[in-house]
Amino acid sequence: MSKFQHLYYFLYSLIELFLQGFVFLNHQKHFQYYYYLLKKLLVFTLQLFSKKYSGIHCSQIIHQFVKYDIIINVILINNKQ
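Here the sequence shown is numbered in UniProt numbering, starting from 1 and rising by one per residue.
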C-alpha cells in the first residue's frame, strides 16, 4: 500500500468515526468547534499530500467529505430551529 492509500484510509476512517459519534457529539456544547477542527485537519492534510501525489485521489476524498459536510450542516441547522 502506498503512503497515499494509507492516508486515504486514515482520513476516510476518521470521517466515518466522526459520523458514528455524531449523534453523541451533537448534544455536546463544543461540537461545532470540534467539527471545525476536524475540517481544518482534513484540509491541511490534503493540501500537504496533494502537492506530492496525484490530485485525483485528493478530489475523491474531498468529494466524500463534502457529502458528509452537507449532511452534518443540515442536521446542525435543524437542531438550531
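For every residue, glycine included, the Cβ atom is placed at its ideal position computed from N, Cα and C.
No experiment lies behind these values; they were computed from the predicted model shown.
Item, Value
"Contact under 8 Å by Cβ, residue 65 with residue 41", "no"
"Minimum Cβ-Cβ distance from residue 45 to chain B less than 8 Å", "Going by chain labels, chain B is absent from the structure shown, which holds only one protein chain."
"Pair within 8 Å by beta-carbon distance, residue 45 and residue 11", "yes"
"Spatial distance of residue 47 from residue 72 (CA atoms)", "23 Å"
"Helix, strand or coil at residue 13 according to DSSP, with G and I counted as helix", "helix"
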